[in-house]
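Undergrad: From first to last, the protein sequence lines are chains A and B.
If you want this note's numbering, it's the position in the first sequence, counting the first as 1, plus 2.
If you want this note's numbering, it's the position in the second sequence, counting the first as 1, plus 326.
The structure is given below, and queries will be raised subsequently.
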Amino acid sequence: MEAALWAEKYRPKTLDEMRNQVEIVNRLKKFVETKTMPHCFFAGPPGTGKTTGALCLAHDLFGERYMDLFLELNASDTRGIDVIRTTVKDFARISTISDAPFKILVLDEADNMTGDAQQALRRTMEKYTNTCRFILCCNYSGKIIEPIQSRCAIFRFTPLKHEDVLDYLRFIANNEKIEVTDDGSNALIDVAEGDMRKGINIMQSAAALSGKIDEDSVYQVVGMAKPEDVKNMLNLTVKGDFIKARESLRNMLLRSGLSGTDILKQIHSEIFKLDIDEQKKVELADAAGEVDFRLVQGADEEVQLGALLAKISLYTK
Amino acid sequence: MSQLPWTNKHRPKNSSEVVGNMEAIESLKNWVLSWKRDGTNKKAALLHGPPGIGKTVLVETLAKELNFDLIEMNASDLRSGKIIDNVIGSAVEQQDLFQRKKIILIDEVDSISPKKDRGAVQSILKIIESTNYPIVMTANDIWDPKVRGLREKSLLIQFKRISSREALPFLKKLLDEESVEVDYDTLKSIIQRNEGDIRSMINDLQMIATGKNRITEDDITWLAWRDRKEPIFDALKLVFTSKDCFTARRALDISEVDYEMLFEWIYENVPRQLSDSSDMVKAMKALSKADLFIARTKKHQAWSLLSYVIDLMTAGVAMARERTKPAWIPMKFPQRISLMSRTMRERALMRGVGSKIGSKCHLSSKSSVRDFVPYLRTIMKNNAKSASLEKWLELDEEMIDYLKS
C-alpha cells in the first residue's frame, strides 16, 4: 500500500534519490561501492535526512530485501539497558547467512538513551563489529558519551537550505497536482525552518485545508497546529499573568508531546529578544542553562520551567 | 430507581451493619452498657475522626439496638448555653416515668461557634456533671482549643477512615441492590478518591449511577475531588504564614499526605498565595531546588537527601514571604493532578496514535505526536478522502474519532 503521509511517500529510497547533504551522501555511496563501512554517528537537527540516509544506505548495500539485514530501534521508545542487552545483542551477534558482509542496526533518537544503556552499547559495538555495524542518529551529539563517539565515523547533517527545501516541496506539489503560489512558497520556507519533514507536513495539511498552497493556508495550518505555543506562554509571562502562563506550559507538556527540553530551547532563543536590560538577559541565560542541566538530572519539567518563567516575569516587570 | 438519597436508603439498621471501625464500635457499646451515674467510666464519650465514616450513624443504630431513647442535637441547631439547658438539661435530669433509658447525642461539638453559641461549652460541661444518662459527642477535630474542656471530661474514641478493603464489599452490595453494574477498577478508584469517607463514596456513586445500569471508568473522570477541610489545609497554612523555619517544617508531619503530594499542593498554591512577585519568584526558586533534590534522591536512592527536600519546600517557601500582605485566599487542589486524571484517556490515545505513526515513519512515538499529530488532525478534519490515510496508519475507530474531534 502506498504511503498516505507525504513525508513518508516522498522519502527517498536510494542514495541517488537524496538531493541534499551532498557530501555526506557521496561518502555513503563510497561505502556501497566498497561494500564496507564503519560504525556511523549521524548528528543534526530534525528533518535533515539522518534516518533517510541510514535507510537508503541499507537499501543500496543490501538491495530490495534489506529489511532482513537491518534493524531499526528507536531509543526514545526503548531507551533502557535491557534492550541493549537483549534485542540489540541478539541481532548483532548472529552473523548473516546471505552473502552480505554484515548487518546494520540503526539506533534512532540515540540521544534519549540512558547512561547505563550507552555504557552497555559501547561494549556490544566493539564485540560484534564483524557481524554488525551500528548507525546512531541523534539531534545533540553532546548527549552521547565520548567512548561511543570515538568508535564511530561522525557525520554532521546541516539544516537544509531554503532553496533546497523549496525545490523538493515543489517537486511533491507537482506530483500531487497541487498549486503553490509565490507567497505560499515564501510562507512554507519561513515556517519549515530547514526541516524537510515539517515543511512537507505543513504543505499536506494546507492542501487538505484549501486545495492550494498560499500564504493564508500555510499560516492557518500553523496556527491550528499550535494553539499553545511558547511565544504565547512568554507573552502571558511578560504581562505578569504567571498562573495562566503556567497553565499554558502544563498543556504543552501534557498534551502536545513537546518535551521540557524542546520548550526550554525555544524560551532560550526568545530570551535575547525580550525588552529588558542586557545584563538581565545574561542572568536569564544562566538560569536557562541551570534548568537544562537539572532536566538532564531528571528533575520535573514543569516545576523547573515554571521557576524560570517566574524569574522572567520579575525581570520584565 | 428511587430518588431517595442512597445515604439514607442504605443507612445501617443496626451497629453490626456499620462499615469499619470495629474497635471503636465495641468500645462505645461497652461504655454505654457499663455507664454509671457516679462517673467511674467517664460520663461522656467523644467520638472523633474525619467526616463521613459513621460516627453519628453508630450512635443512632446503637440506641435503637439497645432500646434507648435518643435525644439529639447537632450543628444545625442553635446552641447557645440557654438552648442547650432547655433541650438537653431538662432531659438529663428527669427520670423517665417508664424507666426508659436515654442516650444524649451532641453532634459536631467542634463546630460550636464561640460567638453565636455563647456559653455552649460551659453548659455542656455542666450537663456532663449532672447527667443521669450517657452523653455522646462527635467531632472532626478534637485538638481545636474550643473543645479542650470537653476533651478532658470525655472518653475519647477515635474513628478511622474506612479502608478500601472494608468499603468494597459494602458498596458492591449496595450497587447490587440498586441493580447497577460496576467493574472492580472503577469502584476502586471511587473509593480511593474519597479517601476513606464512605458517605461521599455513596454520594458519588449515586450521582454517576443515576439513570444508568452500568458505570465505568469514563463516568468518574469528571468527578471533582472534594475540597474537604483536611489536615492538608492546616499544613499549607504553616507553609504560607510561618515566620520561622521550625514551624514551617512541621507542615509535613501534620499534613497526612506524603511529601510528593504536599509538594504538589504547595507548588499549586505558591503563585496564588504569594501575591508579591518577588516573593513568588523566591518561593518558586526554593521549590525548583527541592524538586532537584527529589530527582537526586530517586536517581541515587539516597533517601537521606529527603530531609533537604522538606526544608526547601516548607521553610524555603515560608521564608520567601517578605512583602506579600496578609489576605485570605482559598487553597486550590493541585490542578496538575486534576489535569492528568482528566487527560488520562486522551494521553493514552495519543501514545497509541504516536506509535502507529512511528512504526510507519521511522520515528519514536513521542516525536510522532509532536511532529505529525497536529498536522494529521488538520488533514483528517478537512479532507473527505482521509480514509486511505487512516487505513495506511492502521488507526482504530477511537483514535480516528479523537483526532477528528
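Where is the CB? At the ideal position from N, CA and C, for every residue including glycine.
Please read these numbers as outputs of a predicted model, since none were measured by experiment.
Can you grab the Cα-Cα spacing for the pair B/Met657 / B/Ala389, in whole Å?
TA: Using only the alpha carbons, I get a separation of about 40 Å.
Undergrad: Determine, using beta carbons only, whether A/Asn76 comes closer than 7 Å to chain B.
TA: Cβ-Cβ to chain B under 7 Å: yes for A/Asn76.
Undergrad: Just verifying my parser: in three-state terms, what is the DSSP assignment at A/Asp62?
TA: Helix.
Undergrad: Going by beta carbon distance, what residues of the same chain come within less than 7 Å of A/Arg95, once the five residues before and after it are set aside?
TA: Taken in chain order, the residues that qualify are Tyr130, Thr133.
Undergrad: Could you pull the DSSP bridge partners for B/Gln484 from this structure?
TA: Answer is B/His374.
Undergrad: Shortest alpha-carbon distance to A/Asp231 belongs to which of A/Lys319, A/Ser219, A/Glu249, A/Val220?
TA: Cα-wise, what sits closest to A/Asp231 is A/Glu249.
Undergrad: Identify, in the order they occur along the chain, each residue of the same chain with its Cβ nearer than 6 Å to the Cβ of A/Met172, setting aside the five sequence neighbours on each side.
TA: Contrary to the premise, residue 172 of chain A reads as Arg rather than Met in this sequence. Contacts found: none.
Undergrad: B/His626 CB to nearest chain A CB: under 7 Å?
TA: Output row for B/His626: interface = no.
Undergrad: Measuring CA to CA, which of A/Asn76, A/His61, A/Leu75 is closest to A/Met69?
TA: Checked all of A/Asn76, A/His61, A/Leu75; the closest Cα to A/Met69 is A/His61.
Undergrad: Would A/Gly308 be called buried (16 or more neighbouring beta carbons within 10 Å of its own) or exposed?
TA: A/Gly308 comes out buried.
Undergrad: Report the residue ranges of all beta strand (DSSP E) runs contained in full by the region 87-134 of chain A; include only those spanning at least 3 residues, in chain order.
TA: If we require 3 residues or more, the beta strand (DSSP E) runs fully inside the region 87-134 of chain A come out as 105-110.
Undergrad: Is the region 620-636 of chain B in contact with the region 334-342 of chain B, if contact means three or more CB pairs nearer than 8 Å?
TA: Segments in contact, no.
Undergrad: Along the chain, where does the beta strand (DSSP E) containing A/Arg158 start, and where does it finish?
TA: That run of the beta strand (DSSP E) goes 155-158.
Undergrad: Consult DSSP for A/Thr53 and reduce its assignment to one of helix, strand or coil.
TA: Note: A/Thr53 maps to helix in three-state DSSP.
Undergrad: My assumption, with CB atoms under 8 Å, is that B/Ser449 sits in contact with B/Leu372. Please give the rounded CB distance.
TA: In fact, because the Cβ distance is near 16 Å, the residues do not count as touching under 8 Å.
Undergrad: Put A/Ile146 into one of helix, strand or coil per three-state DSSP.
TA: It is coil, neither helix nor strand.
Undergrad: Figure out for me which residue from A/Arg125, A/Asp113, A/Val224, A/Leu73 has the closest Cα to the Cα of A/Ser207.
TA: For A/Ser207, the nearest C-alpha among the options comes from A/Val224.
Undergrad: Is it true that the region 290-304 of chain A meets the region 260-273 of chain A, where meeting means three or more beta-carbon pairs spaced less than 8 Å apart?
TA: Verdict: yes, contact present.
Undergrad: Using a C-beta cutoff of 7 Å, does B/Trp718 count as contacting chain A?
TA: At least one chain A Cβ lies under 7 Å of B/Trp718.
Undergrad: Within 10 angstroms of the Cβ of B/Gln532, are there 16 or more other Cβ atoms? Answer buried if so, exposed if not.
TA: B/Gln532 comes out buried.
Undergrad: Determine the burial state of B/Val635: buried for a count of at least 16 other Cβ atoms within 10 Å of its Cβ, exposed for fewer.
TA: Label assigned to B/Val635: buried.
Undergrad: Whose CA, out of A/Gln281, A/Tyr170, A/Lys233, lies closest to the CA of A/Glu19?
TA: It is A/Tyr170.
Undergrad: Does DSSP put A/Thr318 in a helix, in a strand, or in coil?
TA: Coil.
Undergrad: What do you reckon, is the C-beta of A/Thr133 under 6 Å from a heavy atom of the ligand SAM?
TA: Annotation note on the ligand SAM: not contained in the displayed structure, which lists no ligands.
Undergrad: Name the two residues that bound the continuous beta strand (DSSP E) containing B/Glu398.
TA: B/Glu398 -> beta strand (DSSP E) spans 395-399.
Undergrad: Helix, strand or coil: which one does DSSP assign to A/Val223?
TA: A/Val223 falls in the helix class under three-state DSSP.
Undergrad: Are the region 5-23 of chain A and the region 113-125 of chain A in contact at 8 Å, needing three or more beta carbon pairs?
TA: No contact exists between the region 5-23 of chain A and the region 113-125 of chain A.
Undergrad: Say whether chain B places a C-beta atom closer than 7 Å to the C-beta of A/Val305.
TA: Interface residue, yes.
Undergrad: According to DSSP, what are the bridge partners of B/Arg540?
TA: For B/Arg540, which the question treats as bridged, DSSP gives the partners B/Glu507.
Undergrad: Compute the beta-carbon to beta-carbon distance between B/Ser568 and B/Ala574, rounded to the nearest angstrom, for a pair I have assumed lies under 8 Å.
TA: With a Cβ gap of about 4 Å, B/Ser568 and B/Ala574 count as contacting.
Undergrad: Under 7 Å between C-beta atoms, does B/Lys682 make it to chain A?
TA: Chain A contact via Cβ: absent.
Undergrad: Does any C-beta atom of chain A lie closer than 7 Å to the C-beta of B/Ser630?
TA: Answer no: the Cβ-Cβ gap between B/Ser630 and chain A never drops below 7 Å.
Undergrad: Which chain B residues are close to A/Lys319, counting only those with a beta carbon under 7 Å from its beta carbon?
TA: Chain B residues near A/Lys319: Ser603.
Undergrad: Looking at B/Ser690 and A/Ser258, is the spacing between their C-beta atoms short of 7 Å?
TA: Against a cut-off of 7 Å, the Cβ pair of B/Ser690 and A/Ser258 comes out as no contact.
Undergrad: Thinking B/Lys615 and B/Leu638 are a contact (beta carbons under 8 Å), I'd like their distance in whole angstroms, please.
TA: Right, the Cβ-Cβ distance comes to about 5 Å (below 8 Å), so this counts as a contact.
Undergrad: When you compare each of A/Ser187, A/Ala175, A/Asn203, A/Gly144 to A/Glu165 by their alpha carbons, which one comes out closest?
TA: The shortest C-alpha separation from A/Glu165 is found at A/Ser187.
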